[in-house]
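Residue numbers (my numbering): 884 to 1222. Think of the CB as a built atom: it goes at the ideal place given N, C-alpha and C, for glycine as much as any other residue.
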Ligand code: SAM
Ligand code: SF4
């Protein structure tokens, strides 16, 4: 429903009273990396180009969300920066009254700095799962560690607000938790450890996941407890935030598996082929692009989708349900959702 009683502007509110002011738009299903937890080993069936939103359609759909209370838009993918018309998309979206941000693997972000600055895209989330070149190649299937690392330093130098997303996997990169935190000693970045999540085709197994609890045990074993400072989380923040006393940066944990943050969820997701997902874990989708192309209003479709949102993780409200492949495999693979 769109509730106007307590807000000066309409807001998309679901049946549990959660207001949705944040839209993540996936611009593309393709990527220049092949992270094994994101892209299924056999690849994915790409949507035909004609089924993907054009820059005009992205703008039209975004405008409708903004009219209904969205104030934050994050661009994601696939890799959003490999979309050829990214400058046009940024230019159009920058005319809307929203905070615009982007999630990228940073491989080619150095070529986009000027444009990002021009359109006030200041908050940048970068994926980096290992500080070791060989491991980076093992997980992404591409030898691009140095490029990514150099680009993170460049973004910091250029005064962007940088968060680095690290998906932890047991026996693969969990021995790097402290190395990542130590990066925050001299760099004003935020490291965010993400619990490995199940999506179609990513061979998820709870035994591979490193939990919030396990991460904090490692932190406690390496630092003095009095130096581990719990920070105040922003409202609707998905991250439990910490810092080490005296360090410039911070770190946090996104615990969608063991400790979901659904109560304060304010997010909606638009896939590159114009489908609205009311939750990252939701198997159902609402086709906004076809509706728009028919010349019909997308507003009723958006409102119906928001109303249908489950309370917790697309209906997988227990860890037992999340672990059932027949439930989590109904969802898309992450690369086609847009994380
Ligand atoms: N290509 C960009 C990037 O890598 O940052 C944007 C898209 S990527 C799908 C967005 C985020 O989703 C990344 O931080 C990635 O690590 C995260 N992600 C992908 N698959 C995941 C999974 N199975 N569990 C947890 N996080 C995942
Ligand atoms: Fe590409 Fe990002 Fe997925 Fe890695 S996590 S394959 S960089 S979309």
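- In the displayed model, residue 1010 falls within a strand according to three-state DSSP.
- Distance between residue 1189 and residue 1154, taken at the CA atoms: about 15 angstroms.
- Beta bridge pairing from DSSP links residue 1125 with 1113, 1134.
- When C-beta atoms of the region 925-939 are compared with those of the region 1126-1134, fewer than three pairs fall below 8 angstroms, so the two segments do not count as touching.
- Cβ-Cβ separation between residue 1044 and residue 1098: approximately 23 angstroms, too far for a contact (criterion under 8 angstroms).
- Between residue 912 and residue 961, the C-beta gap is smaller than 9 angstroms, which places the two residues in contact.
- Assignment of residue 1048 by DSSP, reduced to helix, strand and coil, places it in the strand class.
- In this structure, the alpha-carbon of residue 937 lies about 37 angstroms from that of residue 1133.
- For the ligand SAM, a non-hydrogen atom lies closer than 8 angstroms to the CB of residue 961.
- Taken from the Cβ of residue 1088, every heavy atom of the ligand SAM lies 8 angstroms or farther away.
- Segment contact: the region 989-1002 against the region 951-960, fewer than three CB-CB distances shorter than 8 angstroms; contact not assigned.
- With a threshold of 16 other beta carbon atoms within 10 Å, residue 1004 meets it and is buried.
- The three-state reading of DSSP puts residue 976 in helix, counting H, G and I together.
- Excluding residues up to 5 positions away in sequence, 901, 902, 903, 904, 905, 1119 lie with their Cβ nearer than 7 angstroms to the Cβ of residue 1149 in the same chain.
- Within the same chain, and ignoring the five residues on either side of residue 998 in sequence, the residues whose Cβ sits closer than 7 angstroms to its Cβ are 970, 973.
- The alpha-carbon separation between residue 1001 and residue 1042 amounts to approximately 13 angstroms.
- Taking the CA atoms as reference points, residue 1164 sits about 17 angstroms from residue 1050.
- When the beta-carbon positions are compared, residue 1219 and residue 1085 stay at least 9 angstroms from each other.
- Counted as a single uninterrupted DSSP element, the stretch harbouring residue 957 is not any alpha helix (DSSP H) but the beta strand (DSSP E) occupying residues 955-959.
- Under the DSSP definition of a beta bridge, residue 986 partners with 1008.
- Residue side-chain check: residue 1012 places its Cβ nearer than 8 angstroms to a non-hydrogen atom of the ligand SAM.
- Of the candidates 1082, 1040, 1185, 955, the residue whose Cα lies closest to the Cα of residue 1161 is 1185.
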